[in-house]
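First up is the structure itself, then whatever we jot down about it.
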Ligand SMILES: [Zn+2]
Ligand SMILES: [Zn+2]
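Numbering (the working numbering), first residue to last: -15 to 172.
Here you go:
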């Protein structure tokens, strides 16, 4: 099989709604211009469980994902349903290796409803935004001060709901530069 341009792997962990995987695959593929493929890479993530915090350390999952990623894949985005953390924060919606191969999002905290009765929660919409955001980090993008930009840092789901699913002009240019640089370096 020849896959010159490479692809993005969407890797569900545990019981993830297949429709959610599909839509995350479609939307991230469109944003970054790569074909996507659904491929579960990790059987279990017990190795990342912290007994005291009763949460999963996302950095450890990222390391395993990067190790198990197929060589022809450009990036890997995992979708989990458990509560994720990194030691300096109470929880995270996702994490990424800056300029690396792997990133992860979790639907766990994306189900929160900050405005009961006012707004329908769109888990899909939030998951898509978080997935594009984390993948953006793997393409070397950092947090953006622009509130509507997909690379803006979100402290709450209300912040996630407020931003768009697109890059601001600055991030878009940075992104395209990185893609060009990768094209130059990738063989075939
Ligand atoms: Zn971020
Ligand atoms: Zn931006």
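Backbone N, C-alpha and C define an ideal beta-carbon position, used for all residues, glycine too.
- DSSP places residue 18 outside both helix and strand once states are collapsed to three, so it counts as coil.
- In the DSSP annotation of this structure, the continuous segment of the alpha helix (DSSP H) that includes residue 118 starts and ends at 107 to 122.
- Every residue whose Cβ sits closer than 6 Å to any heavy atom of ligand 2 is listed here in chain order: 128, 130, 133, 135, 151, 152, 154 and 155.
- For the pair residue 45 and residue 20, the CB atoms are not nearer than the 8 Å cut-off.
- Distance between residue 78 and residue 153, taken at the CA atoms: about 24 Å.
- Around the C-beta of residue 164, fewer than 16 other C-beta atoms lie within 10 Å, and the residue is accordingly described as exposed.
- Per the coordinates, the alpha-carbon of residue 39 lies some 14 Å from the alpha-carbon of residue 88.
- According to the DSSP assignment, residue 45 belongs to the alpha helix (DSSP H) that extends over 42 to 52.
- In this structure, the C-beta of residue 117 approaches ligand 1 to less than 7 Å from one of its heavy atoms.
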